Amino acid sequence: MKKEFVVIGLGRFGGSICRTLAQEGMEVLAIDIDEDRVHEFSNIVSQAVVADTTDETTLKDLGIRNFDHVIVAIGDNIQASILTTLILKELGVKKITVKALNDYHEKVLAKIGADEIVHPERDMGRRIANNMISTNVLDYLELSDEHSIVELMASKKMDGKTLIEMDVRAKFGCNVVAIKRQNQIIVSPMAKEIIQEGDILIVIGADRDIDRFGKSIL
Ligand code: ATP
Ligand code: ATP
Ligand code: CA
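Using full-length UniProt numbering, the letters of the sequence shown map in sequence onto residues 1 to 218.
Below, the structure written as structure tokens:
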């Protein structure tokens, strides 16, 4: 079943969400207070309208509560972002995702019931910094403040060794959940799987443990 989305705020962030959803064939209603921005998206999304989303009647008239997921991508105007979220909540929208500008903004959004709060600048900054620190970390996904899934590049030191020989789970407390080797992906590898230099190990665990494991293979 096709999901229907609303994106409010067509800056770089909201605009990028609109483009991706549209490319994936999703129904998107794009809204911005700025006519030029709306015009820019009129050929990209299913429907683009000029509206001030801090006005409750406007949102009601657009039938906003019939959509599956609303994304509030109003960045700099914190007041407009909060007010819009509050109205969406009161109208009974099923799922609301909001872009937060800072920690205070996030706290307020959480209190008024935003289902998901994102910090694209902060999170992308963290991701890039983490990638810069460790040469063998290719990518990572934060599961909580202390746990992640990380892609580690297998070093020369690991070449020809099995997971048992390296004793990853007992020594480091983390699990190799998959191995990417060229075009192949080995999900839930056996303990006797022989690692080759250049394999990408997908590891899950506590950040501290993954960090120790990552350093040990350098
Ligand atoms: P980004 O940070 O994603 O690059 P930006 O910095 O270009 O975005 P922001 O000020 O963060 O722009 O706002 C994003 C969009 O939200 C703008 O296009 C702005 O016109 C729109 N917007 C702001 N207030 C409202 C409102 N009350 N109703 C609808 N749209 C709004
Ligand atoms: P972000 O988009 O990451 O949230 P921002 O929108 O707050 O950042 P930008 O205008 O993108 O701010 O600039 C980022 C930082 O770079 C600011 O702190 C600004 O003072 C600084 N900056 C801008 N130009 C220069 C410059 N020529 N030399 C040194 N610092 C600069
Ligand atoms: Ca911005």
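Cβ atoms here follow ideal geometry from the backbone N, Cα and C, with glycine treated the same way. Note that this is a predicted model, so its numbers are computed, not measured.
- Under DSSP, residue 140 takes part in a beta bridge, and its partners are 150.
- Within the model, the alpha-carbon separation for residue 154 versus residue 33 is close to 50 Å.
- Listed in chain order, the beta strand (DSSP E) runs fully inside the UniProt domain "RCK N-terminal" (2 to 119) are 4 to 8, 27 to 32, 47 to 50, 69 to 72, 96 to 99 and 116 to 118, counting runs of at least 3 residues.
- Exposure of residue 20 is indicated by the presence of fewer than 16 other C-beta atoms within 10 angstroms of its C-beta.
- Fewer than three beta-carbon pairs drawn from the segment 165 to 179 and the segment 116 to 124 are found closer than 8 Å, and the two stretches are therefore not classed as touching.
- Residue 112 holds the alpha-carbon nearest to the alpha-carbon of residue 84 among 148, 2 and 112.
- If you look at residue 205, you'll find it in the beta strand (DSSP E) that goes 200 to 206.
- Beta-bridge analysis with DSSP links residue 176 to 203.
- Residue range 184 to 187 is occupied by the beta strand (DSSP E) that includes residue 186.
- Placement of the Cβ of residue 102 at a distance of 7 Å or more from every heavy atom of ligand 1 is found.
- Under the three-state reduction of DSSP output, residue 194 falls in the strand class.
- When the beta-carbon positions are compared, residue 152 and residue 193 stay at least 8 Å from each other.
- Per DSSP, the continuous alpha helix (DSSP H) segment holding residue 163 begins and ends at 163 to 166.
- The distance from the Cβ of residue 25 to that of residue 65 is about 23 Å, inconsistent with a contact at the 8 Å cut-off.
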